[in-house]
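Position 49 of the sequence shown, counting from 1, maps to 178 under the working numbering, and the rest follow consecutively. Ideal Cβ placement from N, Cα and C applies to all residues, glycine included. Remember, predicted model here, so these are calculated numbers, not experimental data. Inspection log for the structure reproduced underneath, given as structure tokens.
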Amino acid sequence: MILASNDESPSDADTVLKQLRPKPHQRFVVVVGQYSPNPQKAERFLVFSCLGPYLWKAVDVWLTPAGHTELLSRLCASSQVAVGSCDAMYSTKARHVWATVGEELHVWRRGKLIARFSTQQAVIRNKAMFGWSNYPIEAFRSCRGYVSLFWFKRGVALERSLGRTVVVATATESMALIDPTYDGIDLMCDASWVGDLARAISSATHLPLDLDKSLL
Numbered sequence: 130m131i132l133a134s135n136d137e138s139p140s141d142a143d144t145v146l147k148q149l150r151p152k153p154h155q156r157f158v159v160v161v162g163q164y165s166p167n168p169q170k171a172e173r174f175l176v177f178s179c180l181g182p183y184l185w186k187a188v189d190v191w192l193t194p195a196g197h198t199e200l201l202s203r204l205c206a207s208s209q210v211a212v213g214s215c216d217a218m219y220s221t222k223a224r225h226v227w228a229t230v231g232e233e234l235h236v237w238r239r240g241k242l243i244a245r246f247s248t249q250q251a252v253i254r255n256k257a258m259f260g261w262s263n264y265p266i267e268a269f270r271s272c273r274g275y276v277s278l279f280w281f282k283r284g285v286a287l288e289r290s291l292g293r294t295v296v297v298a299t300a301t302e303s304m305a306l307i308d309p310t311y312d313g314i315d316l317m318c319d320a321s322w323v324g325d326l327a328r329a330i331s332s333a334t335h336l337p338l339d340l341d342k343s344l345l
């Protein structure tokens, strides 16, 4: 895993590819960290190796826009690549990662697959049953991105036609409760992934998108 570079000293495609040593049968998920200090100069670039239902972070590196384009082009030419998104910022961990794999949108949390979506079905990990729940898309009326009262909890859920919800992904932010200076700008940065993931699920399933006003 490459961690030596930063936005002031970005790496290059050759160095990253030597570390990765991609092969035709390998599958990778590629994402970019949000809110890089100077994206015109360099952005955080993460490459995950896909091993069955798991993701393993293979590269965490800063690249210039030209380096990003070159690496992605060469990686796509040598292996199977899905370009996705994540909730990581320029210095935080990627808890949630999502990407289109084949005809489905896959969502991972902490490296484990937690959901798959298509226009026909939603397959979501059921924590209570230690297994998977399979739902026809017709069972839902919308995909909702939400933020709780006092901004402590945020996440994405599917609203069922009968009024019940099926939670897809959640996160909490204790600073929203204990830091009196936590404001709308902090929320915008911390919870932007909620809107991004909700939009991706809405697009994959063709369900209407419903975002809380604080996420707009």
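Sequence-distant residues of the same chain with beta carbon closer than 6 Å to residue i, five excluded per side
| i | result |
| --- | --- |
| W280 | A305, L316 |
| L200 | A142, V145 |
| E172 | V161, S165 |
| V252 | R245, W261, N263 |
| S331 | C272, L338 |
7 Å Cβ shell around residue i - same chain, five flanking residues per side excluded
| i | result |
| --- | --- |
| D325 | S214 |
| D216 | A223, R224, H225, W322 |
| N255 | W261, S262 |
| V210 | F157, V159, L204 |
| R238 | R224, H225, A298 |
Short Cβ contact (8 Å threshold) for residue i with residue j
| i | j | result |
| --- | --- | --- |
| A142 | G231 | no |
| Q148 | V188 | yes |
| F177 | V161 | no |
| G240 | W191 | no |
| A116 | V236 | Past the edges of the chain, shown from 130 to 345, lies residue 116, and the structure says nothing about it. |
| F269 | S290 | yes |
| L336 | S271 | yes |
| L344 | A320 | yes |
| L242 | P153 | no |
| W227 | A327 | no |
8 Å CB neighbourhood of residue i in its chain, flanking five on each side removed
| i | result |
| --- | --- |
| P151 | F157, L204, S207, S208 |
| G284 | G274, Y275, V296, V297, A298, T299, A300, V323 |
| Q249 | P265, I266 |
| E233 | R245, F246, S247, A333 |
| S303 | F281 |
| G313 | S343 |
| S277 | R283 |
| E288 | F269, R270, S271, C272, R273, T294, D339 |
Bridge-paired residues (DSSP) for residue i
| i | result |
| --- | --- |
| F265 | Per the sequence shown, the amino acid found at residue 265 is Pro instead of Phe. DSSP lists Q250 as partners of P265. |
| G260 | N255 |
| H235 | A228, R245 |
| F174 | V161, V190 |
| T299 | G284 |
| D339 | R273 |
| G289 | Position check: residue 289 holds Arg in this sequence, whereas Gly was assumed. In the DSSP output, where bridge partners are listed per residue, R289 has F269. |
| C179 | L184 |
| R156 | Q209 |
| T294 | E288 |
Expected contact under 8 Å - CB spacing of residue i and residue j to nearest Å
| i | j | result |
| --- | --- | --- |
| T221 | P139 | About 19 Å; that fails the 8 Å criterion. |
| M218 | Q169 | Not really, about 17 Å apart at Cβ, beyond 8 Å. |
Residue ranges of each alpha helix (DSSP H) run of no fewer than 4 residues wholly in the stretch 184 to 229, ordered along the chain? The alpha helix (DSSP H) runs lying completely inside the stretch 184 to 229 and spanning 4 residues or more are 194 to 207, given in chain order.
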